[in-house]
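Please read the structure below before turning to the comments.
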Amino acid sequence: MARAGSINYQVSNIIKAHNGIRQSKLESRNNSGLTSENGHKVSDKFHSYKSLDNARNDLTNLAKYAKAEFGIKDMSKIDKEIVNQWIKNKNITYNTASNYLSEINKVHEHLNITKEEVKELRQELKKELKINKLETRAYKHLERIQLPEKSQPAFELQRDYGLRVKAAIHIKISNIQGNRLLYQEKGGKWNEKELTPTLVLKIKENAVEGKYTVPEDTYYGQLKREIEKTGQKFNGTHGIRHTYAQKELEAGKSKQEVSEAMGHSREEITNTYIR
């Protein structure tokens with residue numbers, strides 16, 4: 001727990017404790033004990049300089065609010081009600097409030113708020129604050145889509161893990177270690193996803209000579225046909241990533257977390273996926 005001192009001193013200690021630069025996001029998720037609104041494991045670290053700066057600024061703002069409005073100088077005394085009033089005082093939508101709560105969830109042990117109370121507050125604010133409904137390229141009801149056996153694993157990698165189509169249809173089995181898939185993002189950067197044992201088995205069962213591959217035009221045609229059967233406009237394979245981004249955001253992950261999960265080099269890129 002952060003020691004009493006100046007606001008900058010307390011915030012610096014909190015940020016130092018949750019600095020995840022150059023640390024494995026997967027390992028942090030598995031060890032954090034934290035979950036998002038939909039039960040997915042989330043890291044208790046900030047894994048980019050951008051997310052660290054955002055957290056530092058937001059925690060400083062929260063501490064100044066607590067001091068000005070409640071006379072509280074020790075951040076370890078900031079409770080659920082103070083966080084609630086701080087957010088409401090900003091006159092923001094739930095979409096934005098969700099980003100603040102994701103940060104609070106990571107550092108809750110330094111405040112007087114439990115992770116259970118963060119979840120409660122999220123549900124309360126979701127009922128009270130406006131939720132922006134934005135036009136999107138995302139598809140609906142992808143869980144109802146079933147592609148041929150060979151293509152289904154690639155579809156599930158896109159739908160459930162946000163992979164780009166190139167990464168989903170070209171996999172070396174040697175890049176699967178246990179249930180962890182290592183793959184390259186656009187630009188050559190490596191990323192990793194913890195898959196379900198069932199999906200790993202599907203990939204391996206449909207692999208030939210150590211590689212799981214699906215011709216892109218075949219996959220594209222199959223997906224187009226199934227999407228159009230549901231009465232929706234086909235927006236290409238990238239529409240699946242739009243669906244993934246919005247689902248993760250609605251589940252309580254911050255925009256920064258979604259950006260990192262999708263392999264974006266800048267958080268701003270993610271904006272096009274969540275509208």
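FYI, the numbering for the sequence shown is 1 to 275, going by UniProt numbering.
Note that beta-carbon positions come from the ideal geometry of N, C-alpha and C, so glycine has one too.
Counted within 10 angstroms of its Cβ, other Cβ atoms place Arg180 as buried (16 or more) or exposed: exposed
Sequence-distant residues of the same chain with beta carbon closer than 6 Å to Glu185, five excluded per side: Asn191, Gly263
Enclosing beta strand (DSSP E) for Asn191 [first to last residue]: 190–194
Whether Arg29 touches Ser51 by CB criterion (7 Å): no
Residue interval of the beta strand (DSSP E) (run including Leu181): 180–184
Contiguous alpha helix (DSSP H) assignments of at least 4 residues, all confined to the UniProt domain "Core-binding (CB)" (37–112): With a minimum length of 4 residues, the continuous alpha helix (DSSP H) runs that stay inside the UniProt domain "Core-binding (CB)" (37–112) are 49–70, 80–88, 94–107.
Residue burial classification, Val214 (beta-carbon count within 10 angstroms, cutoff 16): buried
Local conformation of Thr213 per DSSP, three classes: In this structure, Thr213 counts as strand in the three-state DSSP scheme.
Local conformation of Thr198 per DSSP, three classes: DSSP, reduced to helix, strand and coil, places Thr198 within a helical segment of the structure shown.
Coarse secondary structure for Gln177, derived from DSSP in three states: DSSP places Gln177 in the strand class (E or B) of the three-state scheme.
Where Lys233 sits in the DSSP three-state scheme: The answer is coil: DSSP assigns Lys233 none of H, G, I, E or B.
Distance, Lys204 Cα to Ala167 Cα: Near 15 Å, if we compare the C-alpha coordinates of Lys204 and Ala167.
Environment of Glu209 [buried if 16+ CB atoms lie within 10 Å]: By the Cβ-count criterion, Glu209 is exposed, with fewer than 16 other Cβ atoms from all chains shown falling within 10 Å of its own Cβ.
Stretch-stretch touch, CB-based, cutoff 8 Å, three pairs: the segment 83–97 with the segment 15–22: Not touching, per the Cβ criterion.
Close-in-space but distant-in-sequence residues of the same chain around Leu182 (CB under 8 Å, 5 per side omitted): Same-chain partners within the cutoff: Asn175, Ile176, Trp190, Asn191, Glu192.
Rounded Cβ spacing between Tyr212 and Pro153 (contact assumed at less than 8 Å): 7 Å
Secondary structure of Ile171, DSSP reduced to three states: strand
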